[in-house]
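Since the structure comes first, as structure tokens, the remarks are kept for the end.
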Amino acid sequence: MQNNHHKERLYKILVIGDLGVGKTSIIKRYVHHNFSPNYRATIGVDFALKVLNWDQETVRLQLWDIAGQERFGNMTRVYYREAMGAFIVFDVTRPASFEAVTKWKEDLDSKLTLANGKNVATVLLANKCDQGRDVLTNNGIKMEQFCLENGFVGWYETSAKENINIDEAANCLVKHIIANENDMLQSEVLDTISPQLEKDKGGTCSSCFRSQ
Amino acid sequence: MSAGPPPNLRSAPDTLSYLESASLMSGTLESLSGLGEDGSSVGSDSEINGLTVRRIDKYGFLGGSQYSDATEKDIRVEVARQREMKWLEMFNNWDKWIKHRFQKVKLRCRKGIPSSLRGKAWQLLSNSQELLQANPGKFEELEREPGEAKWLDIIEKDLHRQFPFHEMFAARGGHGQQDLYRILKAYTIYRPDEGYCQAQAPVAAVLLMHMPAEQAFWCLVQICEKFLPGYYSAGLEAIQLDGEIFFSLLRRTCPMAYRHLKKFKIDPILYMTEWFMCIFSRTLPWSCVLRVWDMFFCEGVKIVFRVGLVLLKQMLGSVDKLRELQGMYETMERLRSISPDMIREDVLVQEIVTLQVTEALIERESSVQVRKWRESRGELTHQPGRRLHGTRAIFENKRRASSPMLALSSRTYLLSCCVYVCVPFVESVAFVFSGSLR
Numbered sequence: 001m002q003n004n005h006h007k008e009r010l011y012k013i014l015v016i017g018d019l020g021v022g023k024t025s026i027i028k029r030y031v032h033h034n035f036s037p038n039y040r041a042t043i044g045v046d047f048a049l050k051v052l053n054w055d056q057e058t059v060r061l062q063l064w065d066i067a068g069q070e071r072f073g074n075m076t077r078v079y080y081r082e083a084m085g086a087f088i089v090f091d092v093t094r095p096a097s098f099e100a101v102t103k104w105k106e107d108l109d110s111k112l113t114l115a116n117g118k119n120v121a122t123v124l125l126a127n128k129c130d131q132g133r134d135v136l137t138n139n140g141i142k143m144e145q146f147c148l149e150n151g152f153v154g155w156y157e158t159s160a161k162e163n164i165n166i167d168e169a170a171n172c173l174v175k176h177i178i179a180n181e182n183d184m185l186q187s188e189v190l191d192t193i194s195p196q197l198e199k200d201k202g203g204t205c206s207s208c209f210r211s212q
Numbered sequence: 001m002s003a004g005p006p007p008n009l010r011s012a013p014d015t016l017s018y019l020e021s022a023s024l025m026s027g028t029l030e031s032l033s034g035l036g037e038d039g040s041s042v043g044s045d046s047e048i049n050g051l052t053v054r055r056i057d058k059y060g061f062l063g064g065s066q067y068s069d070a071t072e073k074d075i076r077v078e079v080a081r082q083r084e085m086k087w088l089e090m091f092n093n094w095d096k097w098i099k100h101r102f103q104k105v106k107l108r109c110r111k112g113i114p115s116s117l118r119g120k121a122w123q124l125l126s127n128s129q130e131l132l133q134a135n136p137g138k139f140e141e142l143e144r145e146p147g148e149a150k151w152l153d154i155i156e157k158d159l160h161r162q163f164p165f166h167e168m169f170a171a172r173g174g175h176g177q178q179d180l181y182r183i184l185k186a187y188t189i190y191r192p193d194e195g196y197c198q199a200q201a202p203v204a205a206v207l208l209m210h211m212p213a214e215q216a217f218w219c220l221v222q223i224c225e226k227f228l229p230g231y232y233s234a235g236l237e238a239i240q241l242d243g244e245i246f247f248s249l250l251r252r253t254c255p256m257a258y259r260h261l262k263k264f265k266i267d268p269i270l271y272m273t274e275w276f277m278c279i280f281s282r283t284l285p286w287s288c289v290l291r292v293w294d295m296f297f298c299e300g301v302k303i304v305f306r307v308g309l310v311l312l313k314q315m316l317g318s319v320d321k322l323r324e325l326q327g328m329y330e331t332m333e334r335l336r337s338i339s340p341d342m343i344r345e346d347v348l349v350q351e352i353v354t355l356q357v358t359e360a361l362i363e364r365e366s367s368v369q370v371r372k373w374r375e376s377r378g379e380l381t382h383q384p385g386r387r388l389h390g391t392r393a394i395f396e397n398k399r400r401a402s403s404p405m406l407a408l409s410s411r412t413y414l415l416s417c418c419v420y421v422c423v424p425f426v427e428s429v430a431f432v433f434s435g436s437l438r
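Next up, the structure:
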């Protein structure tokens, strides 16, 4: 009864990007609301769960924190499975980590697609913005253009340390994931012969329908 | 902030703060905030500059999940002393002990190596001491090389992220982090084809807690090349292969856990990568880590498999335990953060030594999985050296390698009585030779 009004959604979200760009710290900030310089390098994969209230629904986000070193890329196929969205993170003070963004995006898109064949919603995070924005300004990169060309649904300058824009980025991603999901549900409905479509014509069961 | 104390009564501090400039310059730990997760100060610890400093545990941890309470029972002084004497006796005649009384050495490793002698014992068990003596000056030579920027860059980013709650590695630029840099860098020059893998850093750090940098370097070399060949290589095929072997062994040893993981499509590499690659150094309470490493150096990778199987059995091995893990995420969460309260050192060790998973079984399963890999994914791109199962295998291998005649002998001595006569002679020469290296 309550289910109709209080749906629960569960999404798996990947957090990927080069080593040391702040993936673990972003998750820590988002989920545990703190920042600590004393953390361990991620080896393999780590997880965290974030629960959100979203339009009177409960949204559970499973955040998958994936090791950044290139050689762990050989395991990404397993890590990516059934994800609905992704953050790709780079460090604004390190140009090389930005150059790797397209590589991560390609890896993601080649190994993971939604049921309708589309790529998963991906938001780009320019992290450590409290330490300057060298990559962005020095290279004169037009981020909007970059996002458009590379299939990101948005980008944010973030700081896990100073808690800048992390909630906003997550909300943006969730919004797109839900939109994607609704799209898929709709197309499913259109493709399926559903007895529900006859509802307006009156009958509540097949026998009533016949007698009409 | 919760009002009461955290459910986990080990209220070790979760954050440390440094007077950064000073600690960066000198590498000393200037200050620690010893606040519990609930914000209350931890009782009975001293105060410096108005900050509570938590007492360092006997393993050197200042806090974090691997902090040990003082509640652990120490063995009696007389017993400890007696064990030390026995180990010193073995050190004096090491090769003889390995050759003739290996079962006794194995038993003593299973009982736990006395902490005062652990570093030395690990070097002997892994045969890294001999490697060091055979390569005098090599480590310094490697240190003088500039190294490749792509590796140094990654290594530098990892230095402050290894056991941040251990006194040796807590300070930015401190001696622990400096030594870590030295040996990880040296390895990339020693094996440029391998480079650096992030999972090597915690392994190297554990070694550095027990021995100087040069010794730790050669010990790391032995782990990477003899005990776990291919684990840290580009492609990470060896660890993925061991994941498959592990899963298949689980099917035999704990079908319930196996079915549960299969049901929720939890691939072994999701949970065993860190366990195996770091030899459980980031997973278990510290006293258990040391006991596992004692056995690992002696008996090889078999111990790693067994520890993993015992853990899965403990966490997923009963209907009761599975009842609260109705989902992939719940299960993963349980496997990712194993509560220290669930693990008792003596029980863990007992289960590890009694589990029927032998070298032969692992090797057999290994060939099955290699075949499957070839069928489904094609040829392995990286061919690591043969894995040696611990001290005994390394010793045998060394003996064969040190004498070409001996290596041949297995094939020829039935045919040639000359060689047949020679073998005992060669063997004794090899023994004297290896003895003189020590």
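Going down the list, the protein sequences come from chains S and W.
Position 44 (the first sequence) corresponds to 44 in the UniProt record's numbering; numbering is contiguous.
Position 106 (the second sequence) corresponds to 106 in the UniProt record's numbering; numbering is contiguous.
Where is the CB? At the ideal position from N, CA and C, for every residue including glycine.
When the Cα atoms are used, what is the spatial distance from residue i to residue j?
i       : j       : result
P268(W) : F297(W) : 24 Å
E130(W) : F395(W) : 11 Å
E330(W) : K86(W)  : 46 Å
R71(S)  : L236(W) : 7 Å
K7(S)   : V319(W) : 29 Å
G132(S) : I164(S) : 13 Å
W155(S) : V123(S) : 6 Å
Y39(S)  : D167(S) : 21 Å
T93(S)  : E188(S) : 45 Å
I303(W) : I26(S)  : 36 Å
A96(S)  : M332(W) : 33 Å
L322(W) : L316(W) : 6 Å
S128(W) : K226(W) : 10 Å
R77(S)  : K161(S) : 30 Å
S248(W) : E299(W) : 21 Å
Y79(S)  : T391(W) : 36 Å
L270(W) : G173(W) : 32 Å
E149(S) : M143(S) : 10 Å
What does a CB cutoff of less than 6 Å around residue i pick up in its chain, not counting 5 residues either side in sequence?
i       : result
E47(W)  : Annotation note: pLDDT 46 at E47(W) (below 50); position unreliable, coordinate value reported separately. There are no such residues.
Y258(W) : L250 and R251
Q66(W)  : W286
S281(W) : P202, V206 and V289
M25(W)  : In this prediction, M25(W) scores a pLDDT of 37, lower than 50, which makes its location untrustworthy; no coordinate-derived value is stated.
V349(W) : R291
T58(S)  : E8
I189(W) : L142, E145 and G147
With respect to the alpha helix (DSSP H) encompassing residue i, which residues constitute its N-terminal and C-terminal limits?
i       : result
N150(S) : M143 to N150
Y196(W) : Careful: Y196(W) lies outside any alpha helix (DSSP H) and carries neither H nor E.
V319(W) : V319 to R323
A96(S)  : P95 to K111
G385(W) : Per DSSP, G385(W) belongs to no alpha helix (DSSP H) and is neither H nor E.
N92(W)  : V77 to N92
E375(W) : E359 to R377
V51(S)  : Premise fails: V51(S) lies in the beta strand (DSSP E), V45 to W54, not in any alpha helix (DSSP H).
Does any residue of chain A bring its CB to less than 8 Å from the CB of residue i?
i       : result
I164(S) : This model lacks chain A altogether; the protein chains it does include are S and W.
Skipping 5 residues on each side, what residues in its chain have a beta carbon closer than 7 Å to that of residue i?
i       : result
A86(S)  : I13, L14, I16, L108, V120 and T122
F246(W) : P268, M272, F305 and G308
S116(W) : E84
C147(S) : L124, G154 and W155
Could you spell out where the beta strand (DSSP E) holding residue i opens and where it closes?
i       : result
R9(S)   : E8 to G17
E157(S) : G154 to E157
Can you list, in chain order, the residues of its chain with a C-beta nearer than 8 Å to that of residue i? Leave out the 5 residues immediately preceding and following it.
i       : result
P229(W) : A238, P384, G385, R386 and R387
Below 9 Å between beta carbons is the criterion; list the residues of the stretch 130 to 160 of chain S that meet it against any residue of chain W, in chain order. From the stretch 130 to 160 of chain S, no residue has a Cβ closer than 9 Å to chain W.
Assess, as a yes-or-no matter, whether the stretch 214 to 222 of chain W is touched by the stretch 239 to 246 of chain W under the definition of 3 or more beta carbon pairs within less than 8 Å. no
Tell me whether the stretch 133 to 147 of chain W and the stretch 157 to 177 of chain W touch, counting them as touching only if at least three CB pairs, one residue from each stretch, are closer than 8 Å. no
Members of the stretch 275 to 290 of chain W near chain S, C-beta cut-off 8 Å: M277, C278 and R282
Residues within the stretch 171 to 195 of chain W neighbouring chain S, beta-carbon criterion of under 8 Å: none
For the stretch 385 to 402 of chain W, which residues have a CB atom closer than 9 Å to at least one CB atom of chain S, in sequence order? none
Which residues of the stretch 56 to 69 of chain S have a Cβ closer than 7 Å to any Cβ of chain W? Give them in chain order. Q62, A67 and Q69
Pairs of beta-carbons, one from the stretch 379 to 388 of chain W and one from the stretch 337 to 352 of chain W, closer than 8 Å: are there three or more? no
At a CB distance below 7 Å, what residues from the stretch 262 to 275 of chain W approach chain S? Give them in sequence order. D267, I269, L270, T273 and E274
Along the stretch 348 to 382 of chain W, what residues have a CB closer than 7 Å to any CB found in chain S? none
Please list the residues of the stretch 13 to 25 of chain S that have a C-beta atom closer than 7 Å to any C-beta atom in chain W, keeping them in chain order. Those would be L19 and G20, in chain order.
Going along the chain, which residues of the stretch 54 to 82 of chain W sit with their C-beta nearer than 7 Å to a C-beta in chain S? none
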